[in-house]
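Structure record follows, encoded as C-alpha cells.
Number of protein chains: 2
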Amino acid sequence: MPQPLSLVIAEAALETVPKKLTDHPSVRNHAEKTSRKPSEILLDRSYHHAAMKGMQSDWKRGRPDIVHLALVEALATPLFKKGLLKMYIHTINDKLILIGDNLRIPKSYLRFEGLMIDLFKNKAIKSREGQLLLELRDNITFGDLVKNMITAERIIALSTKGIRTSADQLVFQNVSDSRHCAFVIGGFPKGHFSEDISSLCDCTYSIGSRGLEGHVVIARILYECERALSLTY
Amino acid sequence: MPQPLSLVIAEAALETVPKKLTDHPSVRNHAEKTSRKPSEILLDRSYHHAAMKGMQSDWKRGRPDIVHLALVEALATPLFKKGLLKMYIHTINDKLILIGDNLRIPKSYLRFEGLMIDLFKNKAIKSREGQLLLELRDNITFGDLVKNMITAERIIALSTKGIRTSADQLVFQNVSDSRHCAFVIGGFPKGHFSEDISSLCDCTYSIGSRGLEGHVVIARILYECERALSLTY
C-alpha cells in the first residue's frame, strides 16, 4: 500500500465574520436574509465588500468559494476516494479543518456554506452513523500542522514565485510509493504565501508561467500522482 | 495554429423555474428572499426540491451548480485562455449558451447565478466595451449544434456506458493539430445521455470504471489535450 499523499490548502480565506464587523449593515442584512446571527455567517466578499474595507489583509480574505472549489476538486479524485490522499484546510486565522475519509463535499455552494457555518459553530460534523466527517481545531499554526501532524518527508509549495516546472515532472521527481509528500496550495484569491508559510516548505515550484487557478493546480497534480502511483480506477 | 477543440455540456440541468411551478411556496419564498420574480430565478433542487416532485425527468434537472463547475473548470485552462477551446452549454430544454472567448466566469456561485438569471432574461451579456461574452439561443437541438454549428470531424461522448479507456489514450488517439474534435459531457447529476444525444455522437468512451464527476473528466481531458498539442503555458 503506497504512503498517503497530503494536500494542504494554506492561508485559506475561510472564517466567520469577525466581531468588529458584525454591526455593519451589509453583514446585518445578509444575516437577516439567511435567518442567522451575524457572528455565525461566513465572511464573503460577494456580500460584505463594503464592510471589509480597511480590514487587515482584506485582499486575502472572505473567499469561501475558493475553499469550496479546492475541496470539490480534490475529494472527487480516485486518489482521495481510495484513501491515498489526506486533505487539510489551514485558515488565515490558524484554524485547522481535518477532512474525514468518508466526507462527500456538497457540489452546491449553498449546502457547503451551511456545512461550514455548522462546523465553525459546533467544531465537528459527524455522519448519521457517528463517523467524524469534519473537525475544526483552533490555534494550530501551519508549523504545528506540517512538522507535528503531517510529518511528510517533503513539503512542496506551489506558487508562481516557485521554480518553473511541469506537473508531470514535479510529480515524477517527488512522488513514489515509499515517500510521503505534502503539497501546499494557497486558499486565497491573489498574492503569495506569507513568509511564515513558505519558510516551512522544503521547496516551491510553479507549474504555469502565468499562474493557474488553485483548483486547476490541484486537478493536475493529483491526476499526475495517480499516474505516478499507477492507480487504476 | 491548431484546429480548435470543442467541449459541449449536454442536457445541462440549467433553466429558469417553469411556469407550472412559479406558484409553489418553495419557489415564491426563494424569489421573495432574493427580490426577484419567481419566473426569473433558476430552478435549483437545493431550494425547490418540494416543488420538483412529479416533474418530468426531475432527477436530471435543477442543478445549475453542475454547469457552474464545468465552466469554472474549463475556462481556467490555458487551452481555453489561448483560444484553442470552444465551449457550449446545451440545456435539457434545447437552449444553447454560446461562450465568448473573453468570458471570465465568476468562481462565486452567487455571482454566477446572477449572471445566468440576467442571461435568461436578456439573451446576451456584453462586456463594458461591447464584446459579446454570453449568448442564449432558443430552440437549438443538439443535432443543430453538432451537425450545423460545430461541424467537428469527431464527436466523442464521455459516459460510464462507453468503451473503457484512459484520458491520455483517448486524447492521444483522437486529438491532433489537424483534426477538429468535440467532446460531449453530461451536465446532469445522474443517469445517462438520452438516446437523442448519444445517437448523434461518433463514439462513447469512459475514463473511469466507477464514474468520475463531470468536472474531473473535463479537467483530465483538457489537460491531456494541452499535452497532446504540446501547449506551453
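Chains as they are written, first to last, in the working numbering: chain A, 1029 to 1261; chain B, 1029 to 1261. Using N, Cα and C, we set each Cβ at its ideal position, and we do this for glycine too.
With respect to B:L1049, B:P1092 sits apart: the two C-beta atoms are not nearer than 8 angstroms. In the DSSP assignment, A:V1095 forms no beta bridge with any residue. Proximity of A:K1135 to chain B, defined by a Cβ-Cβ separation below 8 angstroms, is satisfied. The beta carbon of B:R1182 sits no closer than 8 angstroms to any beta carbon of chain A. Shown here, B:R1207 sits in coil according to DSSP, grouped into three states, outside any helix or strand. Looking only at A:L1162, A:R1156, A:P1066, the smallest Cα-Cα distance to A:F1140 is reached by A:L1162.
Residue pairing from DSSP places B:Y1233 in a beta bridge opposite B:I1191. B:Y1261 belongs to the set of residues whose beta carbon lies under 8 angstroms from a beta carbon in chain A.
By alpha-carbon distance to B:K1149, the top candidate from B:T1169, B:K1123, B:I1168 is B:K1123. For A:S1034, the three-state secondary structure derived from DSSP is strand. When the Cα atoms are used, A:R1182 and A:Q1197 turn out to be separated by approximately 16 angstroms.
Within its own chain, the residues whose Cβ lies closer than 7 angstroms to the Cβ of B:T1188, once the five positions on either side in sequence are excluded, are S1234, G1239, listed in chain order. Looking only at A:A1180, A:S1204, A:Q1201, the smallest Cα-Cα distance to A:V1212 is reached by A:A1180. Contact between A:L1186 and A:V1245 holds, with the beta-carbon distance rounding to 5 angstroms and staying under 8 angstroms. At a C-beta separation below 9 angstroms, A:A1185 has no neighbours in chain B, since its nearest C-beta there lies roughly 20 angstroms away. Interface annotation, A:E1068: not in contact with chain B, CB-CB separation never under 8 angstroms. In the displayed model, B:Y1261 falls within coil according to three-state DSSP, outside both helix and strand. Taking 8 angstroms as the cut-off, the beta carbon of B:I1069 is found no closer than this to the beta carbon of B:I1133. Within its own chain, the residues whose Cβ lies closer than 6 angstroms to the Cβ of A:A1040, once the five positions on either side in sequence are excluded, are V1095, I1117, T1119, G1215, listed in chain order.
For A:S1258 and A:I1184, the gap between their C-alpha atoms comes out near 21 angstroms. As the crow flies, the alpha-carbon of A:K1114 is around 25 angstroms from that of B:E1252. Between A:K1088 and A:G1242, the CB-CB gap reaches or exceeds 8 angstroms.
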